[in-house]
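What follows is a single structure, written as structure tokens, with notes after it.
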Amino acid sequence: MLTKRKKVCVTVLMGILMLGCFPATHLYGFAGGTGEPNNPYQIATAEDLILIGSDPNLLDKHYILIEDIDMDPNLPGGRVFTDAMIALDDSDGVSGHGGTAFDGVLDGQGHTIANLHIEGKYGYDAGLFGKLSGLVKDMRLTDVVVSGSPCGAIAGLNHNGTILRCSVTGQVSGSEDVGGLAGSNWDGSLVECKAQVQVTGEENVGGMVGGGPGGTLMRCEVQAEVSGQRNVGGLVGESHEGHIIECRTICTVIGSNNVGGLIGVSDRTVIWWSSANCKVTAEETTGGLAGRAVWSSGPAIVNCYAQGSIAGSIVGGLVGEARHNQFINCYAACEIIPLQTEGTEPLVGGLFGDTRIPDWAPRTIACFWDAELSAVAAGTGSDPLELGRGFTTEQMQDEEVFRSAGWDFSHTWTMDDYPILQWESQK
77 MLTKRKKVCV TVLMGILMLG CFPATHLYGF AGGTGEPNNP YQIATAEDLI
127 LIGSDPNLLD KHYILIEDID MDPNLPGGRV FTDAMIALDD SDGVSGHGGT
177 AFDGVLDGQG HTIANLHIEG KYGYDAGLFG KLSGLVKDMR LTDVVVSGSP
227 CGAIAGLNHN GTILRCSVTG QVSGSEDVGG LAGSNWDGSL VECKAQVQVT
277 GEENVGGMVG GGPGGTLMRC EVQAEVSGQR NVGGLVGESH EGHIIECRTI
327 CTVIGSNNVG GLIGVSDRTV IWWSSANCKV TAEETTGGLA GRAVWSSGPA
377 IVNCYAQGSI AGSIVGGLVG EARHNQFINC YAACEIIPLQ TEGTEPLVGG
427 LFGDTRIPDW APRTIACFWD AELSAVAAGT GSDPLELGRG FTTEQMQDEE
477 VFRSAGWDFS HTWTMDDYPI LQWESQK
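Under my numbering, the first residue of the sequence shown carries the number 77, and numbering increases by one thereafter.
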């Protein structure tokens with residue numbers, strides 16, 4: 077017979093062995109899986125989703141959504157979150173993040189997370205993820221209501237992370253670094269993403285990304301109402317040393333200064349094959365494509381255009397204020413509305429509003445504007461530099477005018493009423 081002590085030891089040993097026989101999913105309570113790449117944890121409920129953020133050891137695992145999830149605070153067990161759901165920020169600075177990032181993989185498999193409601197605190201990254209350094213893909217967020225500074229529906233801070241084929245609808249608001257998908261972008265990538273949102277803030281406010289040092293946005297689209305004070309853009313509020321490639325916006329953008337249909341402030345940021353068709357209004361500097369575009373050693377803005385209407389006191393069909401930048405094969409076809417500020421005459425140009433520092437003036441190659449639509453005769457509003465060329469509306473809608481200037485209609489451009497990018501016609 078076993079002694080009492082031996083019975084206890086056997087019982088403990090059996091418990092340990094039995095525990096080892098259960099997959100990791102039973103330890104955490106997910107719907108299935110082990111968190112490995114070939115057997116990701118399965119997320120079926122709101123509780124499963126919240127569980128990812130409950131343990132730092134879960135932040136580098138692999139997950140898949142297997143059901144649509146409704147996070148409506150009015151549902152039984154629902155709530156309004158006061159912080160990010162996953163990878164919380166423990167630093168109170170807008171420009172910093174002290175928490176552990178999510179650097180795993182969340183594959184939405186085309187599923188929807190609906191009615192996410194977050195009321196974040198100032199200085200703490202708010203969103204589905206506080207800090208994202210991993211991969212989120214193939215997921216839809218609908219009817220979100222997210223606030224904070226920084227904040228975005230998917231990530232408060234996208235730090236070397238990738239957001240792939242995701243979309244967001246709803247409302248995002250805050251004061252600084254406020255974006256439809258990501259509040260701040262630090263070397264992160266957003267690829268083939270869409271936003272149909274209302275975004276409001278004060279500084280660094282964008283339909284998809286608010287601010288940050290910059291990153292890569294490729295094949296992204298925004299339909300939005302974006303409003304703020306400084307550095308406000310339909311796609312991005314402010315970006316430094318980033319890349320924007322094959323992106324477009326159809327937006328209403330309103331702000332005070334540095335306001336653009338695509339980007340508010342482009343600082344050493346490359347913008348290629350992109351467009352904005354927006355109504356843009358600002359008290360001061362504004363442009364159909366960018367509010368302010370500065371500092372680039374190479375061709376920074378190539379094969380881009382702006383359509384719509386622009387109002388401001390320093391206003392350009394493409395860019396409000398341009399410095400030390402190169403523009404190749406770009407055009408503006410915008411109604412331009414000069415706004416009078418107290419004691420100052422507006423600066424208005426068909427392409428650029430303000431280029432007043434001669435040694436840092438932008439350079440243009442085969443760039444044009446619709447002088448008839450804009451009622452503006454000069455390419456820049458601030459000096460006698462001859463930048464670009466103005467055409468009548470009829471000429472701007474004539475493919476041969478652009479072909480004769482060297483534009484590529486075999487691979488890059490095609491004609492609608494005005495030239496549009498071929499990738500847009502294939503959507």
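All C-beta atoms in this analysis are idealised placements derived from N, C-alpha and C, irrespective of residue type, glycine included.
In whole angstroms, what separates the C-alpha of Arg216 from that of His193? Taking the sequence shown and counting its residues from 1, the one referred to as residue 216 is at position 140. Taking the sequence shown and counting its residues from 1, the one referred to as residue 193 is at position 117. Each residue's Cα considered, the two are about 15 Å apart.
Taking buried to mean at least 16 other C-beta atoms within 10 Å of its own C-beta, is Glu279 buried or exposed? Here residue 279 corresponds to residue number 203 of the sequence shown, with the count starting at 1. Burial call: buried.
Return the first residue and the last residue of the alpha helix (DSSP H) that Ala122 is part of. Reading the sequence shown from its first residue, position 46 is the one you call residue 122. First-last of the alpha helix (DSSP H) with Ala122: Ala122 to Leu127.
Per DSSP, what kind of secondary structure is Trp371 in: helix, strand or coil? Taking the sequence shown and counting its residues from 1, the one referred to as residue 371 is at position 295. It is coil, neither helix nor strand.
Span of the alpha helix (DSSP H) holding Met472? In the sequence shown, the residue the question calls residue 472 occupies position 396. Per DSSP, Met472 is one residue of the alpha helix (DSSP H) stretching across Thr469 to Met472.
So, is Arg399 buried or exposed, given that buried needs 16 or more other C-beta atoms within 10 angstroms? In the sequence shown, the residue the question calls residue 399 occupies position 323. Sixteen is the threshold: when 16 or more other Cβ atoms of the shown chains lie within 10 Å of the Cβ of Arg399, as they do, the residue is buried.
Report the rounded CA-to-CA distance for Pro495 versus Ala451, giving the unit in angstroms. Residue numbering aside, residue 495 sits at position 419 when the sequence shown is read from its first letter. Residue numbering aside, residue 451 sits at position 375 when the sequence shown is read from its first letter. Near 20 Å, if we compare the C-alpha coordinates of Ala451 and Pro495.
Considering only DSSP beta bridges, list what Gln274 is partnered with. Locating residue 274 in the sequence shown gives position 198, counting from the first residue. DSSP lists Gln247 and Glu301 as partners of Gln274.
Would you tell me roughly how many angstroms separate the C-alpha atoms of Asn307 and Thr488, rounded to the nearest one? Counted from its first residue, the sequence shown places residue 307 at position 231. Counted from its first residue, the sequence shown places residue 488 at position 412. Straight-line Cα distance between these residues: approximately 30 Å.
Quick one: residues in its chain with C-beta nearer than 8 Å to the C-beta of Asp492, no 5 flanking neighbours on either side, listed in chain order? Start at 1 with the first residue of the sequence shown, and residue 492 comes out as number 416. Residues of the same chain with a CB within less than 8 Å of the CB of Asp492, apart from the 5 flanking positions on each side, are Ser501 in chain order.
For Ser350, which of Tyr407, Gly109, Asp459 and Phe178 has the nearest alpha-carbon? As a position in the sequence shown, residue 350 is number 274, starting the count at 1. Ser350 has its Cα closest to that of Tyr407, out of Tyr407, Gly109, Asp459 and Phe178.
May I ask you to report which of helix, strand or coil DSSP gives Arg439? Locating residue 439 in the sequence shown gives position 363, counting from the first residue. Arg439 falls in the strand class under three-state DSSP.
Taking the alpha carbon of Leu394 as the point to measure from, which residue in Gly426, Val378, Thr420 and Glu418 has its own alpha carbon closest? Translated into positions along the sequence shown, residue 394 becomes position 318. With distances taken between Cα atoms, Leu394 lies closest to Gly426.
Measuring CA to CA, which of Ser332, Thr345 and Val302 is closest to Ile326? Along the sequence shown, one-based indexing puts residue 326 at 250. Nearest Cα to Ile326 within the set Ser332, Thr345 and Val302: Val302.
Specify the secondary structure class of Asn236 as computed by DSSP and reduced to three states. What you label residue 236 is simply residue 160 of the sequence shown in a count that begins at 1. When secondary structure is reduced to three states using DSSP, Asn236 falls in the coil class, being assigned neither helix nor strand.
Which value, in whole angstroms, describes the spacing of the CA atoms of Gly277 and Thr362? In the sequence shown, counting from the first residue as 1, residue 277 sits at position 201. In the sequence shown, counting from the first residue as 1, residue 362 sits at position 286. If you take the alpha carbons of Gly277 and Thr362, they lie about 17 Å apart.
Give the straight-line distance between the Cα atoms of Gly186 and Glu317, rounded to the nearest whole angstrom. Here the question's residue 186 lines up with position 110 in the sequence shown. Here the question's residue 317 lines up with position 241 in the sequence shown. Going from the Cα of Gly186 to the Cα of Glu317 covers about 32 Å.
Environment of Ser225 [buried if 16+ CB atoms lie within 10 Å]: For the purposes of this step, residue 225 is identified with residue 149 of the sequence shown, where counting begins at 1. Burial call: buried.
CA-to-CA distance, Ser130 to Ser486, given in whole angstroms: The residue labelled residue 486 in the question sits at position 410 within the sequence shown. The residue labelled residue 130 in the question sits at position 54 within the sequence shown. Here the alpha carbon of Ser486 sits roughly 53 Å from the alpha carbon of Ser130.
Contact set for Ala120: own chain, Cβ-Cβ below 6 Å, skip 5 residues either direction: Reading the sequence shown from its first residue, position 44 is the one you call residue 120. Close CB contacts of Ala120 within its chain, under the 6 Å cut and outside five residues either way in sequence, are with Ala107, Ile142 and Glu143 (chain order).
What residue does the beta strand (DSSP E) around Leu293 start on, and which one ends it? As a position in the sequence shown, residue 293 is number 217, starting the count at 1. Counting along the chain, the beta strand (DSSP E) containing Leu293 begins and ends at Val285 to Met294.
Using the Cα positions of Trp348 and Val221, report the straight-line distance between them to the nearest angstrom. Numbered from its first residue, the sequence shown carries residue 348 at position 272. Numbered from its first residue, the sequence shown carries residue 221 at position 145. Cα to Cα, the separation comes out at about 32 Å.
Under 9 Å between C-beta atoms of Met284 and Val267: The residue you call residue 284 lines up with position 208 of the sequence shown. The residue you call residue 267 lines up with position 191 of the sequence shown. For the pair Met284 and Val267, the CB atoms are not nearer than the 9 Å cut-off.
Using the three-state DSSP reduction, which class does Tyr104 fall into: helix, strand or coil? As a first step, residue 104 is located in the sequence shown; it is residue number 28 there, counting from the start. Looking at Tyr104 - three-state DSSP - the assignment turns out to be helix.
Sequence-distant residues of the same chain with beta carbon closer than 6 Å to Leu134, five excluded per side: Sequence index remark: in the sequence shown, residue 134 carries index 58 (1-based). If you ignore the 5 residues before and after Leu134, its C-beta comes within less than 6 Å of the C-beta of Ile128, all in its own chain and listed in chain order.
Let me make sure I understand the geometry here. Which of Pro113, Asn115 and Glu123 has the alpha-carbon closest to that of Gly105? By 1-based counting over the sequence shown, the position of residue 105 is 29. Of the candidates Pro113, Asn115 and Glu123, the one whose C-alpha sits nearest the C-alpha of Gly105 is Glu123.
Beta-carbon separation of Ala177 and Lys207 under 9 Å? In the sequence shown, the residue the question calls residue 177 occupies position 101. In the sequence shown, the residue the question calls residue 207 occupies position 131. Yes, they are a contact pair.
From the DSSP output, in three-state form, read off Arg479 for me. Locating residue 479 in the sequence shown gives position 403, where the first residue counts as 1. Here Arg479 carries a helix assignment [DSSP, helix/strand/coil].
With C-beta atoms as the reference, is Gly288 less than 9 Å away from Val254? Sequence index remark: in the sequence shown, residue 288 carries index 212 (1-based). Sequence index remark: in the sequence shown, residue 254 carries index 178 (1-based). Taking a C-beta distance under 9 Å as the contact criterion, Gly288 and Val254 do not qualify as a contact pair.
Roughly how many angstroms separate the alpha carbons of Ser249 and Gly482, rounded to a whole number? As a first step, residue 249 must be located in the sequence shown, where it is residue number 173. As a first step, residue 482 must be located in the sequence shown, where it is residue number 406. Their backbone Cα atoms lie some 44 Å apart in a straight line.
For Gly259, I'd like the list of residues in its chain whose CB is within less than 6 Å of its CB, leaving aside the five on either flank, ordered along the chain. Against the sequence shown, residue 259 aligns to sequence position 183. Once the five neighbours on either side are set aside, the close Cβ partners of Gly259 are Pro226, Cys227, Gly228, Gly232, Asp253 and Gly286.
Let's see if you can read the secondary structure: which residues bound the beta strand (DSSP E) around Leu449? As a first step, residue 449 must be located in the sequence shown, where it is residue number 373. Unbroken run through Leu449 is the alpha helix (DSSP H), Ala447 to Ser450; no beta strand (DSSP E).
Quick check on the DSSP output: the beta strand (DSSP E) that includes Gln498 runs from which residue to which? Walking along the sequence shown from the start, residue 498 turns up at place 422. Element bounds for Gln498: not the beta strand (DSSP E) but the alpha helix (DSSP H), Gln498 to Ser501.
So, for Val312: in the same chain, excluding its five sequence neighbours on each side, which residues have a beta-carbon less than 6 Å away from its beta-carbon? By one-based count along the sequence shown, residue 312 stands at place 236. Correct list, in chain order: Gly282, Val285 and Ile339.
I'd like the list of long-range same chain contacts for Leu204, defined as Cβ closer than 6 Å, with 5 residues on each side in sequence excluded. Here residue 204 is taken as the residue at index 128 of the sequence shown, counted from 1. Spatial neighbours of Leu204 in its own chain (CB-CB distance under 6 Å, excluding positions within 5 residues in sequence) are listed in chain order as Met161 and Ile230.
Taking the beta strand (DSSP E) that Thr420 falls in, what are its first and last residues? Along the sequence shown, one-based indexing puts residue 420 at 344. Neither: Thr420 is in no beta strand (DSSP E) and is coded neither H nor E.
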